[in-house]
Amino acid sequence: MSGIKILIVEDEAIVAKDMESMLRSMGYEVSGVASTGAAALRLAEEAHPDLVLMDIVLQGDMDGIEAAAKIWQSLGIPVIYITAYADKNTLGRAKVTEPFGYIIKPFNERDLQTVIEMAYYKSRMDLQLREREAWLRTILWSIGDGVIAADEQDRVTFMNPLAETLTGWDIDSARFKPLREIFRVRHSRTSVFEDLFQQDETVLLSRDGGELPVETTETPLDKGRVIVFRDISERVRADREIREGWARLRQALEGTIQAFAMTIEIRDPHTAGHQRRVAQLAEAIGREMGLNDEATQGLRVMGNIHDIGKIFVPVEILNKPGKISSLDYTIIQSHPQAGYDILKNIHFPWPVAKAVLQHHERLNGSGYPAGLCGEDIMLEARILSVADVVEAISANRPYRFNGELELAFREIMDNRGVLYDSRAVDACLRVFKEKNFRLD
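Going by my numbering, the letters in the sequence shown line up with residues 656 to 1095, in that order.
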C-alpha cells in the first residue's frame, strides 16, 4: 500500500483537503492537488503519479473527462473518477476514456481505499499485459517469418511486415477480412526424380497473382489461430538443382552400364541384346511383384550387366557352335564370380555386384558358384534368374536354334519353387499373358 503516488484533481478546496488527509492516513503518497484540467495535465507530466483521482466537474474549459482522456493517452496514467453525478450521459462519456474505477461522493476511507487498491492492481496487470504485447509485437515484427493471426470467425486481426510483403496485403486493408482471402494457398505434389524428394508443396498465391513456395505452421488458439509461414524459394531451388544433378549422374551411370553391356556384345555377337532384354523383363517382373521404382530401376541396372564377367571367357568358347564341352561349361560358370570381382568396388545405389554373383544360384542349391539355397539367395538375384532363363530359352544361340517362348514358360513352371522363386515365376507369367509384355 505504501509508496503508491496519487494525484488529486478536485476543484472544491475543502473536499480536496479531506481527500489528501484520507490518503495520507492510509499510507499513500500525494503527488499534488489540482483544481483545473490544465493544472492536472501539468502536474501529471511533472510528478508522473501511479494513479489520478479525478473529479468529473472542474473549473475552466476542460472538464475531468477530457483531462482524464489526455492524461491516459499521453502518459498512460490510470484514472479513477470522483463525482456526485452518476447520470447515464456522464457515465457514457466517462466510459469512453477507459477509467480504472469510479467512486461516488460522499465516500469514506474504506470505499476510497478499496477503489484505489483495485484500480492500482488492475493498472499493474494492464501494464504487464501491454509490455508483453509490445515485446511479442517486436518479436513478431522482427522475425524472418510471416505471421498472420485470425479471430474465432477466422478474420484477420494481425499481420507482421513480412506477411504483408509476401501476401501483398497491408494490415489496414486486410483487417477483419476472411483469412482464406488474404492467405491463399494451394497444395500440390511435386514432380520429382525419386522418393527422397517427394513432398507436398504449399504455394502462396499473393494479391498480385504471384506464386511463392512456402512452409507453414498453424497454431490453434482459444479464440482463433496463428499462421506462421516462410519463403522457401531458395530451398526449393536447391532441391531442384540436387534432383537435376542426381538425374545427370543417373544418366551418366546408365551410359557407363550400356558401355559395359556393349563390350560383352562385341565379344559375343550371338547374344546381342540378351542383357538388355533380361533387364527389361526383370524390371517388369519386379514391378509386377510390387517393388517400388527405386528397386525396379536397380533390377534394370543389374540385368544390363549381369553377364559382364563373360569378358574373361575366351571368345572361341562364347562363339562355339553346337554342344559345348564340360571344360568349356566350367569356364563359362566362372563368369558370375568374375562379374562380382569387376563390380564389387563400384558403389552403386543397389547391391549390383551381389546380384550378379548370385544370378545363377537355384533354390534347391543346384546352382553356382556357391550352391546357395532358398532365402539365402537375394530377391534381386532370384528375379534375374527367372528373366535370364526365359530370355535365354526363347532366343537363338550358336549352339541352339529356333527358341520358343512356350518352352521357356514350361521350364519355369515345371521348376517353380524348386529352381526358381514362385513369386517371380508367377509375376513373369502374368506380365506376358496379362500385361502383353514382349521381348524385343
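Even for Gly, the Cβ is constructed at its ideal location relative to N, Cα and C.
E943 is positioned such that its CB atom lies closer than 8 Å to that of A1082. For T822, the enclosing alpha helix (DSSP H) starts and ends at P816 to T822. Looking at the backbone, the Cα of V1011 and that of G977 are separated by about 26 Å. Runs of the alpha helix (DSSP H) lying entirely within the segment 1011 to 1050 and spanning at least 4 residues, in chain order: 1034 to 1049.
Spatial neighbours of A829 in its own chain (CB-CB distance under 7 Å, excluding positions within 5 residues in sequence) are listed in chain order as V811, M814 and I837. One alpha carbon belongs to M674, the other to R787, and they sit about 35 Å apart. Residue environment: Y736 is assigned as buried (16 or more neighbouring CB atoms within 10 Å of its CB, all protein chains considered).
Shown here, L698 sits in a helix according to DSSP, grouped into three states. Comparing alpha-carbon positions, the option among G1072, L1060 and F1003 lying closest to N1019 turns out to be G1072. Across the set I1048, I986, R955 and S729, the C-alpha of R955 shows the shortest separation from the C-alpha of P1006.
For I882, no alpha helix (DSSP H) encloses it; the enclosing beta strand (DSSP E) starts and ends at G879 to D886. Residues of the same chain with a CB within less than 6 Å of the CB of R841, apart from the 5 flanking positions on each side, are V858 in chain order.
Counting C-beta pairs closer than 8 Å gives fewer than three between the segment 904 to 912 and the segment 814 to 826, which falls short of the contact rule.
Distance from the CA of A671 to the CA of T871, rounded to the nearest whole angstrom, comes to 60 Å.
Under the 10 Å beta carbon count, Y683 is surrounded by 16 or more other beta carbons and is classified as buried.
Taking the CA atoms as reference points, S888 sits about 27 Å from E949. Sequence-distant partners of T738 (beyond 5 residues in either direction) whose C-beta falls short of 6 Å from its own C-beta, in its chain, are I711. Taking 8 Å as the cut-off, the beta carbon of D886 is found closer than this to the beta carbon of L867. The C-beta of A1008 has 16 or more other C-beta atoms within 10 Å across all chains shown, which makes the residue buried.
Take Y757, set aside five residues on each side of it, and the residues of its chain with a beta-carbon closer than 6 Å to its own are Y736, in chain order.
Between H929 and A1042, the CB-CB gap reaches or exceeds 8 Å. DSSP lists V664 as the beta-bridge partner residues of A689. Around R697, the same chain offers A689 as residues with beta carbons nearer than 8 Å, after the five sequence neighbours per side are excluded.
Nearest neighbour of A818 by Cα position, chosen from Q783, V883 and D983, turns out to be V883.
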